[in-house]
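**Q** The opening residue of the sequence shown carries number 9 in the numbering used here; numbering runs sequentially from there.
No residue lacks a Cβ here, since even glycine has one placed at the ideal position from N, Cα and C.
Because the structure is a prediction, the values reported are computed rather than measured.
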Amino acid sequence: MGLVKTNRILCGNALSHLDELPDDSVNLVYLDPPFFANRIFQKKNHEGNSPSFNDKWVGGISEYISLMHDVFEHSKRLLKDTGSIYVHCDWHASHYLKVELDKVFGYDNFRNEIVWKRHNSHNDTKQGARNMGRIHDVILFYSKGKSPTWNPIYQKYPEEYVKKAYKHLEEKTGRYYAHGDLGGPGGAAKGDPYYTFLGITRYWRYSEKKMNQLYKEGKIVQTKPGNMPMLKRYLDEMKGIQLQDIWDDIKPIQHTRKESTRYPTQKPIKLLERIISMSTNEKDIVLDAFCGSGTTLVAAHNLGRRWIGIDQNPEACDIAEKRIQERLESEPIPVKAVAKRN
Ligand SMILES: C[S@@+](CC[C@H](N)C(=O)[O-])C[C@H]1O[C@@H](n2cnc3c(N)ncnc32)[C@H](O)[C@@H]1O
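1) Would you tell me roughly how many angstroms separate the C-alpha atoms of Ile261 and Gln274, rounded to the nearest one?
2) Quick check: Gly248 and Tyr165, are their CB atoms within less than 8 Å of each other?
3) Taking the alpha helix (DSSP H) that Lys111 falls in, what are its first and last residues?
4) Take Trp315 as the anchor and find which of Asp31, Gly20, Tyr38 has the nearest alpha-carbon.
5) Per DSSP, Phe43 forms a beta bridge with which residues?
6) Does the separation of the CB atoms of Asp63 and Pro30 fall below 8 Å?
7) Does Leu177 pass the burial test, meaning 16 or more other C-beta atoms within 10 Å, or should it be called exposed?
8) In angstroms with no decimal places, state the Cα-to-Cα distance between Ser285 and Asn159.
9) List the DSSP bridge partners of Ser92.
10) What residues are listed by DSSP as bridge partners for Asp145?
11) In its own chain, which residues sit with a C-beta less than 7 Å from the C-beta of Gln230, not counting the 5 before and 5 after it?
12) Quick check on Ser70: does DSSP put it in helix, strand or coil?
13) Which same chain residues, not among the five before or five after Lys180, have their C-beta less than 7 Å away from its C-beta?
14) Using only the heavy atoms of ligand 2, determine whether one of them is closer than 7 Å to the beta carbon of Gln333.
15) With the cut-off set at 8 Å, would you say Phe113 and Lys84 are in Cβ contact?
16) Inspect the beta-carbon positions of Ile143 and Asn128 and report whether they are closer than 8 Å.
17) What do you reckon, are the CB atoms on Leu105 and Thr288 nearer than 8 Å?
18) State the beta-bridge partners of Asp296 as determined by DSSP.
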């Protein structure tokens with residue numbers, strides 16, 4: 009397992025810096041590379057526009073894919089066995105990148121294709137265009153091995169579902185609950201217990217002793233004699249619904265927002281915090297080889313993770329460094345300064 013210096017921004021080409029990092033040294037790689045949009049992205053600053061990064065490819069898609077393939081190979085080498093990679097892209101090249109990720113990480117290590125809805129509508133349907141609005145980015149999630157670090161996120165149930173499922177009110181406590189099945193799902197074959205409870209004889213989920221205990225605690229209801237007894241599943245004890253692969257609850261950066269650095273294509277901290285918290289634990293190491301304005305680094309720092317950022321654009325490195333310094337200054341105890349190398 010390689011030891012690696014963390015909490016630093018490496019300014020230069022991704023491939024040359026990745027090459028210097030040791031095997032099995034990081035827990036998560038997040039990549040937000042140029043999307044193969046074939047344009048120059050500009051940073052809209054107060055003095056006017058100045059070029060920020062080039063997403064034009066003289067050698068076309070093969071030049072782009074060749075770079076990304078090499079970055080994926082390095083990422084796999086650098087990741088620990090429990091590590092994961094998330095690759096942020098869009099319609100321009102997501103299909104090519106998925107094939108390369110399958111080649112490098114293996115088809116079986118594909119975990120999710122996350123759809124991040126960035127806009128409600130897009131003006132690419134104007135001027136007689138014969139396509140629908142392209143309003144989402146794609147984030148491809150692969151693991152290095154079979155048992156990646158995984159901290160699932162739960163979200164509030166949709167209101168409609170709560171109204172329908174958790175409609176029973178416990179008068180005494182004011183708690184809402186749903187009816188849970190108490191029948192033994194496996195029957196005799198699975199050795200579920202068979203006995204008579206509240207006048208019903210059948211296979212049950214729990215032992216007779218446990219059922220009597222639950223009944224005594226007021227956690228079982230029978231709406232009328234002869235009806236199937238049901239378990240009270242209290243709404244306030246439920247974790248919620250596990251996060252699904254369509255994310256429409258995180259807004260893109262608006263240049264009027266406090267979080268904005270005015271770096272083009274800057275991603276929201278919330279998006280990165282979500283990814284990092286799902287796929288790493290505290291003190292783990294997060295690597296972003298196209299870190300731009302440093303969003304991943306700030307998000308990792310916020311969550312108590314260590315981080316390494318790489319970007320070939322000195323302007324991006326300056327913004328990321330300033331951003332991290334500001335974040336560190338806001339802490340009650342000063343933290344190690346950022347090392348930046350050109
Ligand atoms: C989409 S932006 C990243 C934005 C970033 N996620 C943020 O929130 O600010 C892509 C970045 O990749 C950098 N880049 C492009 N080619 C690179 C390369 N070969 N090596 C290192 N960085 C590169 C660009 O300078 C740009 O900052």
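**A** In terms of the structure at hand:
1) What you label residue 261 is simply residue 253 of the sequence shown in a count that begins at 1. What you label residue 274 is simply residue 266 of the sequence shown in a count that begins at 1. Spanning the two alpha carbons is a distance of roughly 7 Å.
2) Counting from 1 along the sequence shown, the entry for residue 248 is found at position 240. Counting from 1 along the sequence shown, the entry for residue 165 is found at position 157. Contact flag set, yes.
3) As a position in the sequence shown, residue 111 is number 103, starting the count at 1. Per DSSP, Lys111 belongs to the alpha helix (DSSP H) from 102-113.
4) Translated into positions along the sequence shown, residue 315 becomes position 307. Selected option, being the one with the closest Cα: Tyr38.
5) Counting from one through the sequence shown, the residue named residue 43 turns up at place 35. Answer is none; Phe43 lacks a bridge partner.
6) Here the question's residue 63 lines up with position 55 in the sequence shown. Here the question's residue 30 lines up with position 22 in the sequence shown. Contact: no.
7) Walking along the sequence shown from the start, residue 177 turns up at place 169. Exposed is the call here.
8) Within the sequence shown, residue 285 is the residue found at index 277, counting from 1. Within the sequence shown, residue 159 is the residue found at index 151, counting from 1. Cα to Cα, the separation comes out at about 7 Å.
9) Position 84 of the sequence shown holds residue 92. Looking at the DSSP assignment, Ser92 forms a beta bridge with Leu36, Ser151.
10) To locate residue 145, count along the sequence shown from 1; it is residue 137. For Asp145, which the question treats as bridged, DSSP gives the partners Trp124.
11) Translated into positions along the sequence shown, residue 230 becomes position 222. Same-chain partners within the cutoff: Leu206, Pro237.
12) Position 62 of the sequence shown, counting from 1, holds the residue named residue 70. In this structure, Ser70 counts as helix in the three-state DSSP scheme.
13) Position 172 of the sequence shown, counting from 1, holds the residue named residue 180. None.
14) Ligands displayed in this structure: ligand 1; ligand 2 is not among them.
15) Looking up residue 113 in the sequence shown gives position 105. Looking up residue 84 in the sequence shown gives position 76. Yes, the Cβ-Cβ distance between Phe113 and Lys84 is below 8 Å.
16) Mapped onto the sequence shown, residue 143 falls at position 135. Mapped onto the sequence shown, residue 128 falls at position 120. In contact: Ile143 and Asn128 (Cβ atoms closer than 8 Å).
17) Sequence index remark: in the sequence shown, residue 105 carries index 97 (1-based). Sequence index remark: in the sequence shown, residue 288 carries index 280 (1-based). Taking 8 Å as the Cβ cut-off, Leu105 and Thr288 do not qualify as a contacting pair.
18) Counting from 1 along the sequence shown, the entry for residue 296 is found at position 288. DSSP lists Tyr38, Gly317 as partners of Asp296.
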